[in-house]
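Numbering (this note's numbering), first residue to last: 32 to 1019.
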């Protein structure tokens, strides 16, 4: 496979022509922002380009043009025979300047590439989609059943490369006009972009001059203009070349991107013939005559369009039809993922390199999931979805921090803008409905009904119910036909699950929840009363205004008493119906709150882990075909609803034709606030609490978030895998307030040093901090030292149980103890301190004046270290409890410790379950600690310690004559024997 084209489109075709008026050599002074644009999906970015050209103020000059490794030397150099056709050397120089200008523009990257993933040049990440030669008869005939097998069979026939599009056809005729078509998301614009860049760098020597036109740009102008004037208007550098067009043998390639934007009439009665490039005619007439070969017949033309517009060009004017089939080969998908995820910026996080093998592991897991022929394989037929997959993985794994503009909803909204920005569904339809608005009304309805009924597979009947039930006019049927031809497969694909081959699922599962959320937030989900209310309020409002004017005039001429009454009644109707329709916001708020706190979803994985599993798959044995599937989960649905209401996403959706007013967003937030805060106080399970925090982050409403977070005094995220992204979300959301947090439980959360660094500002405000079971070593202890020595530290209880702290970590913690003024309870149970670690702690403990409880159990301490710790504890002003159980303390050491305890009342040393000839008051605490931590301790060592404890209990029982004490000993012995029995049988 030759070098290929990246799966995303990059820049707006509609703005190419506007840009070149501002390039060097322009007669006018124009300016623009220096935009770094990259390959992104679809006909993306017209918003960016238009905005840049309208509002920017930084001049674009030669200094903005960058090249990589000798591209200038590789620029095409016409042969001597061709140069003879040029009027002078200036024409050759003009083409070179033209190449540099196009290369600079097409090498730019849009904001989405820098915001949601690693930046790279168009040559760095570039995989050819499959291009299949087609025919008009094949396009017009009914398509076979839409299944994965049919897609694979079609795409494997008559494959043709980009370089061979203009080769002779099967009859030996030279091809001059090529129609390149494909559905939304297959990579038409990206393919053309790479073609332009290749020509600029001398990799397309067949053509000496390449002139790209945007049909969107041409559709906005109806004033007559000549072809020569049109070219020089868009490309000032070619003013010396234009005069020889049509008079020389110069090989010229015209690119017409997005033909569906133009309404062309090939009838002579509709478009007159024109062969003079200097004659002014409407832009559409220029395109028609170029395709007729009546104007510049020697020029080659490549047209890109959606399938529905292919028939606008009569077949006799087309030399070859070619269909872009995307990445129908899974090897292409793997190649793209490997190239994209292996970028250098994917191995850097938080300023330091992340695990060097992490990108490779992601690629390997993704490849295995593709090989299973899961639904993601069908999704990645579309190159634009490959971009979305990589962008989502980058968001999940390589996020350095979470700025307010970076949200999961923002990724999906930007993804849709990059594919649908500025596009109407059918340019010939008088309604000019935007493609995204139509999708929200139809596909959104299907998505919402699926979410409400908790299903992801849809039959033909489901599709007909959502798409065809309200088809009443010819225009609506035509729009539906265009949608089925151009857009349907972008959102829905055939199910790959056995037994469901003839049903459809959303190409990306999360897209179903996004579109369902958009459907609800746009107010498309209305009851009959709300729909009638809206229509009646508008009608009654207009009628009442007219009637009120008449009544007001009559009341002044004829002073009848009842007229003012009528006048006031007329004002009531529009207000009443307006209130009825205004219930929409309350309904949306209620739906969002209800879905956010569904109890049946309480114990699922958090939504970020769910997305990760949907992309990378679940490692482990495959599910048996007869095994009942898990219930469908739609926890992203309410989160997307909140994200869509954020100001930034509403602004993007406005560009897509989906308007959400500021007042509506404010009323929804107001109606939702009390319900959300009340439910959050009930005590959510850890995974559900993480979802709630993620919802607040996606909502991007700082005032709302601050009020919601103030009610959270205890935050329990135990056992949630806290990736850097989740840590950033927690820090961002908690950072909206400065209130004290009573307890933060981050036990068993896979924390590391970078996680503590991200959460530093949150940890400062926590009174009780649970960090056990996180593999926190000495580097993490250094961060904890800085935390405890901070002058704003409020931590009074710190649990580091079952972490590999070690001697070096103990040194850092000892330094923290010496200078800290807030800590009262510190647990270092099972932290591999050893004697040296305990001695370091003891040396610094004398400088501490606030610690009340210290747990050094299960740390392999011997008699000397234990005695040193207790000696210091005797002299400490506040320390009254020291835990030393499950250490290597002998009987002599135990007696010595017991004597130290007797010397000073108030110092309690917990070593064994006995205290002399009595049972320790803390025997149940010690056994509870053992039972809780047994899964993480060495079972054989625990068994040995329990056997020693049992012997000690039996010995102490024999030494006492008090029957009450004997009974207490027997009770504790039975508990220890029960624990030993379960341990031996593996049931504990």
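Glycine included, each C-beta is placed from N, C-alpha and C at the ideal position.
Is the separation between the beta-carbon of residue i and that of residue j shorter than 8 Å?
i	j	result
residue 827	residue 799	yes
residue 165	residue 352	yes
residue 355	residue 217	yes
residue 807	residue 775	no
residue 410	residue 539	yes
residue 428	residue 393	yes
residue 234	residue 282	no
residue 728	residue 769	no
residue 206	residue 341	no
residue 918	residue 890	yes
residue 348	residue 208	yes
residue 246	residue 277	no
residue 670	residue 638	yes
residue 537	residue 478	yes
residue 758	residue 715	no
residue 907	residue 876	yes
residue 872	residue 841	yes
Taking the C-alpha atoms as reference points, what is the distance between residue i and residue j?
i	j	result
residue 232	residue 809	53 Å
residue 54	residue 628	Confidence at residue 54 is low in this model, with a pLDDT of 33, below 50, so the placement of that residue should be treated as unreliable; the coordinate-derived value is given next. When rounded, the distance between both Cα atoms is 55 Å.
residue 1005	residue 998	11 Å
residue 694	residue 441	21 Å
residue 133	residue 227	7 Å
residue 308	residue 374	47 Å
residue 663	residue 555	24 Å
residue 102	residue 422	Because the pLDDT at residue 102 is just 34, under 50, the model does not fix this residue reliably, and the point stays unresolved.
residue 286	residue 322	11 Å
residue 230	residue 319	25 Å
residue 724	residue 390	27 Å
residue 201	residue 139	39 Å
residue 364	residue 334	26 Å
residue 792	residue 915	33 Å
residue 544	residue 417	19 Å
residue 878	residue 924	26 Å
residue 901	residue 929	10 Å
residue 300	residue 666	58 Å
Considering residue i, what are the terminal residues of the alpha helix (DSSP H) in which it resides?
i	result
residue 914	Looking at the DSSP string, residue 914 is not in any alpha helix (DSSP H); the run it does join, the beta strand (DSSP E), is 912-914.
residue 723	717-730
residue 314	314-323
residue 475	466-483
residue 1005	994-1016
residue 809	809-820
residue 840	837-850
Would you mind giving the Cβ-Cβ distance between residue i and residue j, rounded to the nearest angstrom? I have them listed as a contact below 8 Å.
i	j	result
residue 673	residue 726	5 Å
residue 445	residue 683	7 Å
residue 337	residue 291	5 Å
residue 857	residue 816	The Cβ separation is near 13 Å, so there is no contact.
residue 467	residue 688	6 Å
By Cβ distance, which residues of its chain are closer than 7 Å to residue i, with the 5 residues on each side in sequence left out?
i	result
residue 819	826, 847, 851, 854
residue 803	778, 830, 831, 832, 833, 834
residue 574	In this prediction, residue 574 scores a pLDDT of 49, lower than 50, which makes its location untrustworthy; the coordinate-derived value is nonetheless stated afterwards. Counting only Cβ-Cβ distances below 7 Å, and skipping sequence neighbours, we find nothing.
residue 795	818, 821, 823, 824, 825
residue 619	551, 552, 699
Excluding the five sequence neighbours on either side, which residues of its own chain have a C-beta within less than 6 Å of the C-beta of residue i, listed in chain order?
i	result
residue 743	none
residue 314	249, 252
residue 317	258
residue 302	296, 316, 319
residue 698	616
Quick one: give me the first and last residue of the beta strand (DSSP E) that residue i is part of.
i	result
residue 768	It is not in any beta strand (DSSP E) - residue 768 carries neither H nor E in the DSSP assignment.
residue 797	797-801
residue 454	Here residue 454 belongs to no beta strand (DSSP E), and DSSP marks it neither H nor E.
residue 685	Looking at the DSSP string, residue 685 is not in any beta strand (DSSP E); the run it does join, the alpha helix (DSSP H), is 678-686.
residue 355	351-357
Going by beta carbon distance, what residues of the same chain come within less than 8 Å of residue i, once the five residues before and after it are set aside?
i	result
residue 204	350
residue 894	920, 921, 923, 924, 927
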